[in-house]
Amino acid sequence: MSSPVLVISNPASGDRTGPQFLSTHVLPLLGVHAISYILKQTEAPNHAGELALDFLSSVQSGSGPVTIIAGGGDGTLHEVVNALLKPSGPGGKVPAEGVRFVILPLGTANALYSSFFPPSTAVSPEADKVLTSVTDDVKPKLLSLAEFLRSSTGGKGHHQRLTLAETSFTSPSANAKLPEPIISAVVTSTSLHAAILDTAEALRDEFPGVERFKEAAKRNMEKWYEAQARLLPLPGGGKVQKYDAGKREFADVEEGEEGTVFDEPFAYFLSTVNVDRLEPAFRIAPLSRSHPSPESVPAMDVVFIRPRRDPAFTKDLTAARAGFPGKAMRAMMAAYQDGKHIGLRYDGEGEVVDEGEGNTLVEYFRCGGWEWTPESVDKSAHLVCADGTIITIPDGGKAVCKVVASTNGQFSVWA
Numbered sequence: 225m226s227s228p229v230l231v232i233s234n235p236a237s238g239d240r241t242g243p244q245f246l247s248t249h250v251l252p253l254l255g256v257h258a259i260s261y262i263l264k265q266t267e268a269p270n271h272a273g274e275l276a277l278d279f280l281s282s283v284q285s286g287s288g289p290v291t292i293i294a295g296g297g298d299g300t301l302h303e304v305v306n307a308l309l310k311p312s313g314p315g316g317k318v319p320a321e322g323v324r325f326v327i328l329p330l331g332t333a334n335a336l337y338s339s340f341f342p343p344s345t346a347v348s349p350e351a352d353k354v355l356t357s358v359t360d361d362v363k364p365k366l367l368s369l370a371e372f373l374r375s376s377t378g379g380k381g382h383h384q385r386l387t388l389a390e391t392s393f394t395s396p397s398a399n400a401k402l403p404e405p406i407i408s409a410v411v412t413s414t415s416l417h418a419a420i421l422d423t424a425e426a427l428r429d430e431f432p433g434v435e436r437f438k439e440a441a442k443r444n445m446e447k448w449y450e451a452q453a454r455l456l457p458l459p460g461g462g463k464v465q466k467y468d469a470g471k472r473e474f475a476d477v478e479e480g481e482e483g484t485v486f487d488e489p490f491a492y493f494l495s496t497v498n499v500d501r502l503e504p505a506f507r508i509a510p511l512s513r514s515h516p517s518p519e520s521v522p523a524m525d526v527v528f529i530r531p532r533r534d535p536a537f538t539k540d541l542t543a544a545r546a547g548f549p550g551k552a553m554r555a556m557m558a559a560y561q562d563g564k565h566i567g568l569r570y571d572g573e574g575e576v577v578d579e580g581e582g583n584t585l586v587e588y589f590r591c592g593g594w595e596w597t598p599e600s601v602d603k604s605a606h607l608v609c610a611d612g613t614i615i616t617i618p619d620g621g622k623a624v625c626k627v628v629a630s631t632n633g634q635f636s637v638w639a
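In structure tokens form, the structure reads like this:
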């Protein structure tokens, strides 16, 4: 008897062609390999999580790990994980054997899929064997499904554990209504990235593809975000680590004000788990793959830009402020060049160069989490993005994002 399989079809994801892709390619493959499944379609935001809860409530104990085929984008998986781990309500329904996801690139950005299966990934002979009924142009979109099919047909399909990050919120007011904690499996951010996602949602109909993120970036590039950020050490007695672009390696940073607490404007602040890119070509956290942390140490990569590291601000403040959006945009464009933004530096005049001895334009850390305390007057700095969901920090409060030290392997991806 095969393990339980739920197929979730999200017709609102990406360009809204997911249901057709499932019926044309995925469901026939399940039939070819004699895999039983239950198909459900989402009808509203957060419905994917409700469907997963309902399905798991019907699964008998000892049935083995559950596989959920997420027929949507990163947001579909995000909804499921949050529903299953929600501390209030019907959450906490993760089976002892765990939940394994088949991911499909049916969303807008497809960060998880393109990180586990970068565009350069070739279709292996083993994957090709279980995908023989599929045309060659479709096979690269079914590599996660192929791992599941291999396992279900007596082969050795692989699955990789997901690291999760949880963000909670505080307020100085005992009577304040706090946002509920939220889990991320991809990205948690503030500053420019959160503003981009907030703006991009309003552009969904006008720009249905990834173009809307670039348009949203243009509309927010000039903003600075006033906040204090504190980086938290790695779990298990570890320390915050900072990437040395000259030595091309991470080094421990001693805990304290210098090097782990930053009290000045930010242009960009973003953390990732599980992924090195947020779009197939936008490799914002390249070191998560090229310099991975040990599997035994859950970690997140944090990337940020502080404008006042620019030497131009020691000369002409007005000119420096006017010129900085172009420098921030250069970093964003360099991320599309296989993550080259992490090597950009300032020269003595504040010009951005590919190499040298000056400050790096982008700062890159590996740690166990962060705290973000926005200035009360800066409303834009109160936005937090968790896998595309926008949350507002209460006035006078802060956001605390921490890597989940142990989920006992509850969630993994076929990859």
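Numbered by my numbering, the letters in the sequence shown go through residues 225 to 639 in order.
Cβ atoms here follow ideal geometry from the backbone N, Cα and C, with glycine treated the same way.
As the structure is a computational prediction, the values presented were derived from the model and not from experiment.
Check: Backbone CA spacing between Trp638 and Thr597 [nearest angstrom]; Outcome: 37 Å
Check: Length at least 3, wholly inside the segment 539 to 605: the beta strand (DSSP E) runs in chain order; Outcome: 587 to 591 and 593 to 598
Check: Cβ separation of Phe589 and Gln465, assumed to be a contact under 8 Å, to the nearest whole Å; Outcome: 6 Å
Check: For Thr356, the three-state DSSP class (helix, strand or coil); Outcome: coil
Check: Outcome for Ala523 when other beta-carbon atoms lying within 10 angstroms are tallied against a minimum of 16; Outcome: buried
Check: Classification of Leu455 by the beta-carbon crowding that lies within 10 angstroms, buried from 16 upward; Outcome: buried
Check: Stretch pair the segment 288 to 296 + the segment 227 to 235: three plus CB contacts closer than 8 Å; Outcome: yes
Check: Chain-order list of residues whose beta-carbon lies under 8 Å from that of Gly620 (same chain, five-residue window excluded); Outcome: Ser395, Pro396, Ser397 and Ser600
Check: Gly460 burial status per 10 Å Cβ neighbour count (16 or more: buried); Outcome: exposed
Check: Three-pair Cβ contact test at 8 Å for the segment 297 to 307 versus the segment 341 to 352; Outcome: no
Check: Start-to-end residues for the beta strand (DSSP E) that takes in Ile232; Outcome: Val229 to Ser233
Check: Member of Ala333, Val576 and Ser408 whose CA lies at the smallest distance from the CA of Ser613; Outcome: Reading off the sequence shown, one finds Thr at residue 613, where the question assumed Ser. Checked all of Ala333, Val576 and Ser408; the closest Cα to Thr613 is Ser408.
Check: Identified DSSP bridge partners for His417; Outcome: According to DSSP, which records beta bridges pairwise, His417 is partnered with nothing at all.
Check: C-beta contact flag for Leu607 and Thr332 at 8 Å; Outcome: no
Check: One or two residues paired with Asn494 in a DSSP bridge; Outcome: Per the sequence shown, the amino acid found at residue 494 is Leu instead of Asn. Paired residues: Ser413 and Val527.
Check: Where the alpha helix (DSSP H) through Tyr337 begins and ends; Outcome: Ala335 to Phe340
Check: Cβ-Cβ separation, Val410 to Thr195 (assumed contact under 8 Å), whole Å; Outcome: Outside the modelled stretch of the chain, which goes from 225 to 639, sits residue 195, for which no answer is possible.
Check: Residue of Phe490, Ser520 and Ser512 minimising C-alpha distance to Asp602; Outcome: Phe490
Check: Reference Tyr337; option with closest CA among Asn498, Asp562 and Pro403; Outcome: Asn498
Check: Complete runs of the alpha helix (DSSP H) confined to the segment 251 to 283 [at least 4 residues]; Outcome: 251 to 256 and 271 to 281
Check: The segment 243 to 257 / the segment 360 to 380 touching (three or more Cβ pairs under 8 Å); Outcome: yes
Check: Where the alpha helix (DSSP H) through Asp361 begins and ends; Outcome: Taken as a continuous stretch (DSSP letters only), Asp361 belongs to no alpha helix (DSSP H), as it is neither H nor E.
Check: C-beta atoms of Phe548 and Pro531 nearer than 8 Å; Outcome: yes
Check: Buried or exposed (CB count within 10 angstroms, at least 16 for buried), Thr563; Outcome: The sequence given here places Gly at residue 563; Thr does not occur at that position. Per the 10 Å Cβ criterion, buried.
Check: CA-to-CA distance, Val624 to Asp571, given in whole angstroms; Outcome: 35 Å
Check: Residue environment, Asp611, which counts as buried when at least 16 other CB atoms sit within 10 Å; Outcome: buried
Check: Straight-line Cα distance separating Thr356 from Thr391; Outcome: 43 Å
Check: Length of the line joining the Cα atoms of Thr423 and Ala440; Outcome: 6 Å
Check: His383, DSSP secondary structure in three states; Outcome: strand
Check: Neighbourhood of Gln244 by C-beta, 8 Å cutoff - its chain only, sequence neighbours within 5 removed; Outcome: none
Check: Separation of Val358 from Thr484, as counted between CA atoms; Outcome: 50 Å
Check: Residue(s) in a DSSP beta bridge with Trp638; Outcome: His383
Check: Residue ranges of each alpha helix (DSSP H) within the segment 463 to 492, 4 or longer; Outcome: 481 to 484
Check: Exposure of Leu373, with buried meaning 16 or more beta-carbon neighbours within 10 Å; Outcome: buried
Check: 8 Å Cβ cutoff met for Ile232 and Gly295; Outcome: yes
Check: DSSP three-state assignment for Leu309, whether helix, strand or coil; Outcome: helix
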